[in-house]
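Quick note on our numbering: the sequence shown kicks off at 1282 and runs consecutively.
All residues carry an ideal CB built from backbone N, CA and C; glycine is no exception.
For clarity, every value in this text was computed on a predicted model and none was experimentally measured.
Here's the structure, in structure tokens; my notes come after.
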Amino acid sequence: MKFLTTYLQPGEEIRYRARIHFFLFLQPSILLAIGFMCYFDAIRITHYLGVTLLFLGLVSLVQRVFVKVGSIYAVTNRRVIIKTGIISRRTVELVLAKCEGIQVTQDILGRIFGYGSIVVTTGGATNCYYYVANPFRFKREINIQIS
């Protein structure tokens, strides 16, 4: 949040801040659970499989924690600010007047659990952001600020 408040221009206010959905952690959780089950099995081959799955699950979990911690999706009264990354940072600023299209895609799990992907297009640039909680609210807030 400190990044966002120091990044604002004078007179700019945050209208909405989207969050990354907890469903981002489903895949590493499944890998870790299967890894634990295989690791503690009596058969030696599944023991090695368990170690491998635990390693992959842990690496995936750490990577996704960095995604969660390092991502900011915000709508202000002047622009949309999207920042991703901790070590190498990528910041996209979309001036509200230049937003051409906002597309929300949700699969069946996204509709059930309330997350989706947002595709924002401006000019020739297309940016896609995954596992956004309440993506239609994010889209609505952008449209409210445009009008």
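Contact between the stretch 1350-1362 and the stretch 1293-1311 is present: three or more C-beta pairs spanning the two stretches fall below 8 Å. In the DSSP assignment, residue 1410 is bridged to 1399. Residue 1347 is a Cβ neighbour of residue 1367, given a cutoff of 8 Å. Here residue 1371 is exposed. Its C-beta has fewer than 16 other C-beta atoms within 10 Å. Scanning its chain for C-beta atoms nearer than 6 Å, with the 5 sequence neighbours on each side dropped, one finds around residue 1376 the residues 1360, in chain order.
For the pair residue 1380 and residue 1403, the CB atoms are nearer than the 8 Å cut-off. In the displayed model, residue 1374 falls within a strand according to three-state DSSP. Excluding its 5 nearest sequence neighbours in each direction, residue 1288 has C-beta neighbours in its own chain below 7 Å: 1362, listed in chain order. A straight-line Cα-Cα distance of about 43 Å links residue 1314 and residue 1426.
DSSP, reduced to helix, strand and coil, places residue 1366 outside both helices and strands of the structure shown, so it counts as coil.
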